[in-house]
Amino acid sequence: MSIAGTVMLAGGMCTGASAWWWLRSLAARGAETLPARAAGEVTAAAPVELRTAVSVVTDSGQLALMWPALKLGSPQTGYPNIVAAAYTEFGMSVDVQMLGGQSLKDWNNDNTRDALAHYFGVPQVTVTSPDPAFVRLDLRVFDTLADTVVVPGPAGVVDLEAVPVGVTEDFDTWRVRVLYGHILIAGATGSGKGSVLWSIIAALGPAIKAGLVDLYLADPKGGAEFGKGEGRLFVRFTTDNATILEMLNEAVELMRERLARMRSAGLRKIVPSPDEPLILIIIDEAASLSSYATREEQQEFRRLTGLLLSQGRAAAVSVIAALQDPSKETMPNRQLFPVRIGLRLDEPTQSGMVHGQGARDRGARCDEISDQTPGVGYVGEDGTTEFVRVRAYFVSDDDIDAIVDAYSPAPQITGPVEDYSGFDPDDLGDESEDGPVAA
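Terminal number for the sequence shown in full-length UniProt numbering: 439, no gaps in between.
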């Protein structure tokens, strides 16, 4: 049950909208300016899991004890100022104006976050900075992404620049840009990389069927993950290093041909059509070529992917690469991926490898994702420093069979065709020039 629903069922004077108003009012004005009874009513109306937190937020006396205990304020320097507090689907958010001279690092470190969680009586507190001089404390008591979400049925129209892949922790649809973009997916074994990839493929299904998207699939695991689409859903399907490099080389040549035509025609980008579809190259376990192949194969892989990543977007040639180890050695061109998805990772330092320096302090704590929630991750995009916590749809083996059956393009007839223009349907072949044929 959501927090909002819990509040509305709490009963008493401060139910529903009034409880929200009281909580915000008390946080912003300070409990000393309101009757103690009001603060007590708000606390009593709060969900059980948040009553300790609400009692602290609405009581200036408790705050005056908490800030010095956490070394975030003192009678001499003053106290941080809580300017807003509101229930959320995952618990409660508290916006705080920092003291002069403080920075996000003073609030967003392991010791301070743990101390805040203990003081508020909640399992976890995450800290972000929505505006300069302010921090937002997210008090998390419910994991809104704990339950799997099955892949939805087919959509009538596919927006290639906003492909639905799953849900966000705020219950919005998680969408990724496939056309004119590249996507990097990093996650440990069992983290749900396959769920992300199959969710993308499922969402693209109608466009694949219509000839607007051609899928090139590299599956170095011998086809174990994507073999069901071989010869049907995928225009190209390769499983060994030599043929993967050959496929990438073909994609580079196609990209160059498109760029040349664009230059001649004065076009800035290709709009996918059946004549010039989006070429989507999916490379699963990319490290098999970037790190575990021969030196020559590694160099060629880096050259080809570098060309595709740096030049392919306008030509409607997109790359999605998935790997377990996001280090520079395994994905040297990772900075060329405008969309980066970090699923569960083994080491704290790996979050920064996916999302950049300081990513973990900014909220992308991929190493803390539970191994019981495959498909959960943090998404970062160029142009923003914030991360979105998401979960990919769950795609079962039966779902994969249905996707392949529903969206595989009709096979093209490439062999010679008999000429039946002279066929006479009334001629059953039972007569000859000399008369009836004997039975």
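Positions of the beta carbon are idealized from the N, C-alpha and C atoms, including for glycine.
Between the CA atoms of residue j and residue i - distance to the nearest angstrom
{"i": "Thr-294", "j": "Ala-242", "result": "11 Å"}
{"i": "residue 440", "j": "Arg-362", "result": "Any answer about residue 440 is impossible in this case: the structure gives the chain only from 1 up to 439."}
{"i": "Pro-164", "j": "Asp-398", "result": "20 Å"}
{"i": "Leu-309", "j": "Ser-370", "result": "32 Å"}
{"i": "Thr-33", "j": "Ser-74", "result": "Low local confidence applies: a pLDDT of 37 at Thr-33 is under 50, so the model's placement there is unreliable, with the coordinate-based value given in what follows. Distance between the alpha carbons of Thr-33 and Ser-74: 21 Å."}
{"i": "Val-151", "j": "Glu-169", "result": "16 Å"}
{"i": "Gln-311", "j": "Ala-86", "result": "45 Å"}
{"i": "Gln-76", "j": "Leu-99", "result": "12 Å"}
{"i": "Lys-221", "j": "Ile-200", "result": "20 Å"}
{"i": "Asp-401", "j": "Tyr-292", "result": "31 Å"}
{"i": "Gly-187", "j": "Asp-59", "result": "43 Å"}
{"i": "Leu-63", "j": "Lys-71", "result": "12 Å"}
{"i": "Val-141", "j": "Pro-47", "result": "10 Å"}
{"i": "Leu-65", "j": "Val-390", "result": "36 Å"}
{"i": "Glu-246", "j": "Phe-226", "result": "19 Å"}
{"i": "Thr-52", "j": "Phe-90", "result": "16 Å"}
{"i": "Val-271", "j": "Leu-197", "result": "23 Å"}
{"i": "Gly-356", "j": "Ala-287", "result": "19 Å"}
{"i": "Gly-223", "j": "Met-331", "result": "22 Å"}
{"i": "Lys-269", "j": "Arg-175", "result": "22 Å"}
Beta-carbon proximity of residue i to residue j, cut-off 8 Å
{"i": "Leu-289", "j": "Gln-299", "result": "no"}
{"i": "Pro-123", "j": "Ala-117", "result": "yes"}
{"i": "Ser-215", "j": "Leu-280", "result": "The question names Ser, but residue 215 is Leu in the sequence shown. Yes, the pair counts as a contact, with Cβ atoms nearer than the cut-off."}
{"i": "Tyr-407", "j": "Gly-166", "result": "no"}
{"i": "Val-404", "j": "Gly-121", "result": "no"}
{"i": "Leu-217", "j": "Phe-237", "result": "yes"}
Endpoints, the alpha helix (DSSP H) within which residue i is located
{"i": "Met-66", "result": "60-69"}
{"i": "Gln-299", "result": "295-311"}
{"i": "Arg-389", "result": "Arg-389 -> not in any alpha helix (DSSP H); beta strand (DSSP E) instead, spanning 388-392."}
{"i": "Gly-194", "result": "193-209"}
{"i": "Ser-55", "result": "51-57"}
{"i": "Gln-335", "result": "Where Gln-335 is concerned, there is no enclosing alpha helix (DSSP H), given that its DSSP letter is neither H nor E."}
{"i": "Ala-242", "result": "241-265"}
{"i": "Val-354", "result": "349-355"}
{"i": "Arg-140", "result": "Premise fails: Arg-140 lies in the beta strand (DSSP E), 134-140, not in any alpha helix (DSSP H)."}
{"i": "Val-176", "result": "Element bounds for Val-176: not the alpha helix (DSSP H) but the beta strand (DSSP E), 173-176."}
{"i": "Phe-120", "result": "110-120"}
Candidates the options, of which the one nearest residue i by Cα
{"i": "Gln-372", "options": "Gly-194, Gly-211, Met-262, Leu-145", "result": "Leu-145"}
{"i": "Arg-136", "options": "Val-157, Asn-108, Gly-121", "result": "Asn-108"}
{"i": "Asp-382", "options": "Arg-340, Gln-124, Asp-401, Val-96", "result": "Arg-340"}
{"i": "Thr-305", "options": "Glu-250, Ser-273, Tyr-292", "result": "Glu-250"}
{"i": "Pro-277", "options": "Ala-133, Ile-208, His-118, Ala-188", "result": "Ile-208"}
{"i": "Val-388", "options": "Ser-55, Met-247, Val-96, Thr-173", "result": "Thr-173"}
{"i": "Arg-344", "options": "Phe-142, Ile-282, Met-331, Ala-322", "result": "Ala-322"}
{"i": "Arg-302", "options": "Gly-229, Glu-329, Gly-205", "result": "Glu-329"}
{"i": "Val-56", "options": "Thr-43, Leu-197, Pro-68", "result": "Thr-43"}
{"i": "Leu-248", "options": "Gly-223, Asn-81, Asp-219", "result": "Asp-219"}
{"i": "Ile-244", "options": "Ile-282, Gly-266, Val-213", "result": "Ile-282"}
{"i": "Glu-347", "options": "Pro-338, Arg-334, Gln-324, Phe-337", "result": "Gln-324"}
{"i": "Gln-97", "options": "Phe-134, Ser-273, Pro-206, Val-149", "result": "Phe-134"}
{"i": "Glu-161", "options": "Pro-80, Gln-335, Ile-403, Ala-203", "result": "Ala-203"}
{"i": "Val-94", "options": "Asp-138, Trp-67, Gly-61", "result": "Asp-138"}
{"i": "Gly-342", "options": "Asn-333, Glu-368, Val-125, Met-262", "result": "Glu-368"}
{"i": "Gly-205", "options": "Thr-189, Leu-179, Ala-155", "result": "Ala-155"}
{"i": "Gln-157", "options": "Thr-189, Leu-212, Asp-143, Ser-327", "result": "Reading off the sequence, residue 157 comes out as Val, not Gln. That would be Leu-212, whose Cα lies nearest to the Cα of Val-157."}
{"i": "Pro-68", "options": "Ala-364, Arg-268, Tyr-119", "result": "Tyr-119"}
{"i": "Cys-366", "options": "Val-395, Val-319, Pro-326", "result": "Pro-326"}
{"i": "Met-92", "options": "Val-149, Gly-358, Val-125", "result": "Val-125"}
N- and C-terminal bounds of the beta strand (DSSP E) containing residue i
{"i": "Ala-218", "result": "213-218"}
{"i": "residue 446", "result": "No statement about residue 446 is possible, as the shown extent of the chain runs from 1 to 439 and does not include it."}
{"i": "Thr-168", "result": "163-168"}
{"i": "Ile-281", "result": "278-283"}
{"i": "Glu-87", "result": "For clarity, residue 87 is Tyr in the given sequence; the question names Glu instead. First-last of the beta strand (DSSP E) with Tyr-87: 81-87."}
{"i": "Leu-184", "result": "183-186"}
Notebook entry, point to check: Would you say the segment 308-318 touches the segment 254-274, given that touching needs at least three Cβ pairs under 8 Å?
Noted result: By the Cβ test, the segment 308-318 is in contact with the segment 254-274, since at least three Cβ pairs between them sit closer than 8 Å.
Notebook entry, point to check: Would you call the segment 373-383 and the segment 343-361 in contact, with 3 or more CB pairs under 8 Å?
Noted result: Put simply, the segment 373-383 touches the segment 343-361. At least three CB pairs are less than 8 Å apart.
Margin query: Could you check whether the segment 215-233 touches the segment 180-187, counting it as contact only if at least three pairs of C-beta atoms, one from each stretch, sit closer than 8 Å?
Written below: These segments do not touch.
Check: Do the segment 257-265 and the segment 185-205 touch if we need at least three Cβ pairs shorter than 8 Å?
Finding: Taking a contact to require three or more Cβ pairs closer than 8 Å, the segment 257-265 and the segment 185-205 do not qualify as touching.
Check: For the 8 Å Cβ check, are there 3 or more pairs between the segment 122-136 and the segment 85-104?
Finding: These segments touch.
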